[in-house]
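These notes are about the structure you will find just below.
Protein chains: 2
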Amino acid sequence: MTQPNCTHTCSSYHRAIEFIGKRWMGMIIYTLLPGPKRYHEIHTSIPGISDRLLTERLNELVNAGFIKKKFIDSSIKKVEYELTPNGIAFQEVIKSIQKWIDLCDFEKTT
Amino acid sequence: MTQPNCTHTCSSYHRAIEFIGKRWMGMIIYTLLPGPKRYHEIHTSIPGISDRLLTERLNELVNAGFIKKKFIDSSIKKVEYELTPNGIAFQEVIKSIQKWIDLCDFEKTT
DNA sequence: CCTAAAACTTACTTAAGGTAAGTTGATAAA
DNA sequence: TTTATCAACTTACCTTAAGTAAGTTTTAGG
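For the record, the sequence lines run as chains W and F. Going by my numbering, the first residue of the first sequence is number 317, and it counts up by one from there. Going by my numbering, the first residue of the second sequence is number 317, and it counts up by one from there.
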């Protein structure tokens, strides 16, 4: 992990964790795991998120190829967001975070 | 994962990912994995980080119990930072992120 | 036709992070 | 032994990211 092409590995790990660490990113992917959702469904699933940031994060996730935006009935005002295979693969990261939380009793220590 | 005490699981996952997603958090834990380091060693290992944020993040990590601060020779100006078992356990999260990066070709998609 | 909902946008305020200079105690060098 | 340098922070200030709230545009329903 620290060798041999550490610089490359480090920097892509860095970029990745800073990307998924952006506010609400983790929660948006999380709520989409059970299946595709409409904009307002995601919004109500995530208490505290604002319209502005939800739109921004969704666009970033679409651009990064982790979710796909679908227009239902080819209407601009009926939208569904769905994880791509790369987005679904993030599930393993979520699982490992949850394992880590349990192990270190995150609730009490922070 | 979405049942049965989802609210609890969601919120601790949310708090955890927002904590580790704070800027430089991931990199600081990463650089400490091979073993304890002095303040300036961490600083030079992470290009771009500033004194202010390094100090702030180190304090947050110490308070959360993921790293331990040791005063060498009981001098205030000789300090070493070392991962605790909970900090070391984070290694599994790092590994799963790296797997995910490889799988989804993070370099090219973002 | 009128109202309301879905999915954004825009404008503005606050908080997080970046930059740079300064402080303090310990060590080394002249 | 004074002088300078280094390690590990602090403080003050500025910029960018995030939060808040109101407005816009299709589209659907009564």
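Ideal Cβ placement from N, Cα and C applies to all residues, glycine included.
| Query | Result |
| --- | --- |
| Within chain W, partners of residue 396 of chain F - CB distance below 9 Å | In chain order: nothing, as chain W lies at least about 18 Å away. |
| Nearest residue (CA-CA) to residue 355 of chain W, options W:339, W:342 and W:373 | W:373 |
| Same chain, Cβ closer than 6 Å to residue 348 of chain F, neighbours up to 5 away in sequence not counted | 399 |
| Euclidean distance between Cα positions of residue 358 of chain F and residue 326 of chain W | 14 Å |
| Segment limits, alpha helix (DSSP H) that includes residue 422 of chain F | 422-425 |
| Any chain F beta carbon closer than 8 Å to residue 338 of chain W | yes |
| Assumed close pair residue 341 of chain W, residue 330 of chain F - CB separation to whole angstroms, cut-off 8 Å | In fact, because the Cβ distance is near 11 Å, the residues do not count as touching under 8 Å. |
| Delimiting residues of the alpha helix (DSSP H) encompassing residue 369 of chain F | 367-379 |
| Rounded straight-line distance, which links the Cα of residue 367 of chain F to that of residue 375 of chain F | 12 Å |
| Where residue 334 of chain F meets chain W, residues with beta-carbon distance less than 8 Å | 337, 339 and 342 |
| Residue 318 of chain W classed as buried or exposed, judged by whether at least 16 other C-beta atoms fall within 10 angstroms | In this prediction, residue 318 of chain W has a pLDDT of 42, which is less than 50 and means its spatial position is unreliable; what the coordinates show is noted afterwards. Exposed, since its Cβ has fewer than 16 Cβ neighbours within 10 Å. |
| Proximity test, Cβ basis, 8 Å: residue 371 of chain F and chain W | no |
| Residue 331 of chain F, DSSP secondary structure in three states | helix |
| When F:382, F:394 and F:420 are compared against residue 336 of chain F, the one with the closest alpha-carbon | F:382 |
| Within-8 Å CB hit, residue 417 of chain W to chain F | yes |
| Cβ of residue 356 of chain W within 8 Å of any chain F Cβ | no |
| Cα-Cα separation between residue 407 of chain W and residue 364 of chain W, rounded to whole angstroms | 23 Å |
| Residue-level contact to chain W via CB, residue 409 of chain F, 8 Å cutoff | yes |
| Continuous beta strand (DSSP E) stretch holding residue 383 of chain F: start and end | 383-387 |
| DSSP-derived helix/strand/coil call for residue 411 of chain F | helix |
| Residues that residue 366 of chain F contacts on chain W, provided the C-beta gap is smaller than 9 Å | Near residue 366 of chain F there are no residues of chain W at all, since even the closest Cβ is about 15 Å away, more than 9 Å. |
| Listed by chain order, chain W residues near residue 360 of chain F by CB distance under 7 Å | Those within 7 Å of residue 360 of chain F in chain W number zero; the least Cβ separation is about 13 Å. |
| Selection from W:370, W:410 and W:351 that minimises the alpha carbon distance to residue 428 of chain F | The requested residue 428 of chain F does not occur in the structure, where chain F is confined to residues 317 to 426. |
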